[in-house]
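Enquirer:
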Amino acid sequence: MFQHSLLVKLEVERLNRKRREEEQSNVIKEEMALQQQQVEEDEHVYTLDEALTALGFGKFQYLVLGYAGLGSMVDAVEVMILSFIGPAVKSQWGLSSTQETLITTVVFAGMLIGAYFWGILADNYGRRKSLLIVAIVTTVSAFLSSFSPNYISLLVLRMLVGTGLGGGPVYGSWFLEFVPSRNRGMWMVIYSTFWTIGTILEALLAMIIMPRLGWRWLLALSSIPSFAALLLYIFTVESPRYLCAEGRISDAHDILRKIAVVNQTKLAPGMLVSDQVTELDEEEELLKPRANKIFNFKTGLSSSLMLLSPQLLRITLLMWVVYFGNSFAYYGIILLTSQFSAGENRCFSVALHVKNDTSLYTDVFITSLAELPGLLISAVVVEKVGRKYSMALMYILGSLFLFPLVVPQNEALTTALLFGARIWFIGTFTLAGVYCPEIYPTSVRSTGCGVASAVGRIAGMVSPIVAVQLSKISAVIILGDENLQSKDSTTPYDFDLAILPILPMLSSPVLHKTALLAQRSSPAGEMILEETK
């Protein structure tokens, strides 16, 4: 009896032990299942860069490129038109050389204001809202300027045009944020071709319109691209990178779905994660030395303070030097090409329909064509040679074409030298546009590029003033009297262009240091350094 009870007890203990082992095994299996599920979920978590890379560059990005490129064309058209309307208005209204120069200067003054304002607006309230306001301001003021009854109203309206044109960098930043990181530099160069297309089309339009209908019709017809940008705005979407930075993950995910549908690809299952925490930590670090506690991240002042933080200060200053020197040379070439062809004493009176003034449009058209090989070279070297080395080399080559103009040259050689210089300076201009958005973090990208562009606009303001004053000085130095200028001589302007290479030559040595500083100041510094080398 006792033995039987012992056997029963042992059997019960065995069964209990077996049950406990089974329960423990089930718990372990459940934990493993949960771990496996977590692993699978972790595998389906992806960043915006990973999503864009998976979606590729397809039809959606081409549409974004087309709209952003249209904005770049608007900028080019309204800048190129300055080469034509200044002499025409001077002749019709009897303006002085200083008054003629102001027509150009106020446009760049407006760009200076707009570049700073639109950059802050885009970083704090979204790229898309900025694009709308830019399109409205540019379209309305550009069209109304063709009806200007007097000189003052023309200045005011053209300054408003310049304010709208200051939003040009927003188009570039907006496009860049839809592009996968691979070959981003090449696509930004392709984006820059729209600027060149705009300059060529404006020269052709001026060649047709100016001798027949005059400068008012040229202004009116030149506003068509900006009007088209306003109409097509309804098809634009907000930048997913901006939405992620703002913590609007669901909205960013919806944009990615649209991209997948248009590109006929599939968005990977899983969850989009934001770098918002990294962005906020970065902003706090950039603002820490200077920001007052009453400032929040939504203020334009805080965006500006980030650019002046210890981590970004030297980068910001170096980019200002690059943009100033580049713009001084590039816009100087554009604005002075017309003066080489026309001469100070030739009048662009539309009423007289002067036939030989067509040489102006021909020369501007020829030098504009120089940008095509310049862009082709940029597209090749931007990925193979790198941003900074390409810019430095192009600065040197462009300067070599301008230095001979310190000595009077005949018209054919002058046009050839300007053609060669413009090849290289459109390259530096383009590569700076690629380099600047990459070197700034998302939180201050539009502000950083906008302020750098604003500094470049200062160079655009200074360039025509310097040209007018130095043309008088050079005439006195070389001819002994500024009134002795020959209408067929390029002598009064050679001294002007001779100084154009100076600032770009000073800019090129800073590029290598800029990339090294970017490595230290950005959370993604190693990637930036690799992309910009």
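Reminder that position 157 of the sequence shown reads as 1274 in my numbering, one-by-one numbering, no gaps.
Where a beta carbon is used, it is the ideal one built from N, C-alpha and C, also for glycine.
Under a three-way DSSP split, which group does residue 1137 fall into?
Expert: Taking the first residue of the sequence shown as position 1, residue 1137 is located at position 20. Note: residue 1137 maps to helix in three-state DSSP.
Enquirer: Look up residue 1656 in the DSSP assignment and say whether it is helix, strand or coil.
Expert: Any property of residue 1656 remains undetermined from this structure, which presents the chain solely from 1118 to 1650.
Enquirer: Let me check one thing: in DSSP terms, what residues is residue 1162 bridge-paired to?
Expert: Taking the sequence shown and counting its residues from 1, the one referred to as residue 1162 is at position 45. Its beta-bridge partners are 1388.
Enquirer: Do three or more CB pairs link the segment 1571-1579 to the segment 1443-1451 at distances below 8 Å?
Expert: Because the criterion of three Cβ pairs below 8 Å is met, the segment 1571-1579 and the segment 1443-1451 touch.
Enquirer: Determine the closest residue to residue 1549 out of 1495, 1578 and 1537, with distance taken between C-alpha atoms.
Expert: Start at 1 with the first residue of the sequence shown, and residue 1549 comes out as number 432. It is 1495 whose Cα lies nearest to the Cα of residue 1549.
Enquirer: Would you call residue 1555 buried or exposed, if buried means 16 or more other Cβ atoms sit within 10 Å of its Cβ?
Expert: Working through the sequence shown from its first residue, we reach residue 1555 at position 438. By the neighbour-count rule (16 or more Cβ atoms within 10 Å), residue 1555 is buried.
Enquirer: Cα separation between residue 1440 and residue 1359?
Expert: Along the sequence shown, read from residue 1 onward, the residue named residue 1440 stands at position 323. Along the sequence shown, read from residue 1 onward, the residue named residue 1359 stands at position 242. So the alpha carbons of these two residues sit roughly 25 Å apart.
Enquirer: From the DSSP output, in three-state form, read off residue 1308 for me.
Expert: By one-based count along the sequence shown, residue 1308 stands at place 191. In the structure shown, residue 1308 sits in a helix (DSSP, three-state: H, G or I).
Enquirer: Rounded to whole angstroms, what's the CA-CA distance from residue 1427 to residue 1558? Just pull it up for me.
Expert: Sequence index remark: in the sequence shown, residue 1427 carries index 310 (1-based). Sequence index remark: in the sequence shown, residue 1558 carries index 441 (1-based). Rounded to whole angstroms, residue 1427 to residue 1558 spans 15 Å at the Cα level.
Enquirer: How would you call residue 1133, buried or exposed, if buried means at least 16 neighbouring beta carbons within 10 angstroms?
Expert: Against the sequence shown, residue 1133 aligns to sequence position 16. Exposed, by the Cβ-count rule.
Enquirer: Taking the beta carbon of residue 1529 as the centre, do at least 16 other beta carbons fall within 10 Å, making it buried, or is it exposed?
Expert: Position 412 of the sequence shown, counting from 1, holds the residue named residue 1529. Residue 1529 should be labelled exposed.
Enquirer: Okay, do the segment 1367-1378 and the segment 1161-1177 touch, 3+ Cβ pairs below 8 Å being the bar?
Expert: With the cut-off at 8 Å, the segment 1367-1378 and the segment 1161-1177 touch.
Enquirer: According to DSSP, simplified to helix, strand and coil, what is residue 1516?
Expert: Translated into positions along the sequence shown, residue 1516 becomes position 399. If DSSP states are grouped into helix, strand and coil, residue 1516 belongs with the helices.
Enquirer: Considering just the uninterrupted stretch of the alpha helix (DSSP H) at residue 1487, what are its terminal residues?
Expert: To locate residue 1487, count along the sequence shown from 1; it is residue 370. Careful: residue 1487 lies outside any alpha helix (DSSP H) and carries neither H nor E.
Enquirer: Whole angstroms are fine: how far does the CA of residue 1336 sit from the CA of residue 1431?
Expert: Working through the sequence shown from its first residue, we reach residue 1431 at position 314. Working through the sequence shown from its first residue, we reach residue 1336 at position 219. One C-alpha to the other measures close to 41 Å.
Enquirer: Is it right to say residue 1278 is buried, meaning 16 or more other beta carbons lie within 10 angstroms of its own, or is it exposed?
Expert: Along the sequence shown, one-based indexing puts residue 1278 at 161. Residue 1278 is buried by the Cβ-count criterion.
Enquirer: How many Å lie between residue 1314 and residue 1187 at the Cα?
Expert: Reading the sequence shown from its first residue, position 197 is the one you call residue 1314. Reading the sequence shown from its first residue, position 70 is the one you call residue 1187. Roughly 10 Å between the two C-alpha positions.
Enquirer: Run the CB neighbour count on residue 1627, radius 10 Å, all protein chains shown included, and call it buried at 16 or more, exposed below.
Expert: For the purposes of this step, residue 1627 is taken as the residue at position 510 of the sequence shown. Its pLDDT being 43, under 50, residue 1627 is placed unreliably in this model, and the coordinates cannot settle the point.
Enquirer: Under the rule that 16 or more other beta-carbon atoms within 10 Å means buried, what is residue 1204, buried or exposed?
Expert: As a working mapping, residue 1204 is identified with position 87 in the sequence shown. The residue in question, residue 1204, is buried, as its Cβ has 16 or more Cβ neighbours within 10 Å.
Enquirer: What are the uninterrupted segments assigned as beta strand (DSSP E) that are 3 or more residues long and contained completely in the segment 1185-1241, given in chain order?
Expert: DSSP runs (the beta strand (DSSP E)) wholly in the segment 1185-1241: none.
Enquirer: Compare the beta carbon distance of residue 1382 and residue 1219 with 7 Å and say whether it is the shorter of the two.
Expert: Taking the first residue of the sequence shown as 1, we reach residue 1382 at position 265. Taking the first residue of the sequence shown as 1, we reach residue 1219 at position 102. The answer is no: Cβ separation not under 7 Å.
Enquirer: Starting from the C-beta of residue 1170, find all residues in its chain whose C-beta is less than 6 Å away, skip the five residues before and the five after it, and write them out in chain order.
Expert: Within the sequence shown, the letter at position 53 stands for residue 1170. Correct list, in chain order: 1297.
Enquirer: Quick one: Cα of residue 1195 to Cα of residue 1328, how far?
Expert: Taking the first residue of the sequence shown as position 1, residue 1195 is located at position 78. Taking the first residue of the sequence shown as position 1, residue 1328 is located at position 211. Approximately 19 Å between the Cα atoms of the pair.
Enquirer: If I follow the unbroken alpha helix (DSSP H) through residue 1359, where does it start and stop?
Expert: Here residue 1359 refers to the residue found at position 242 when the sequence shown is read from its first residue. Taken as a continuous stretch (DSSP letters only), the alpha helix (DSSP H) holding residue 1359 covers 1357-1362.
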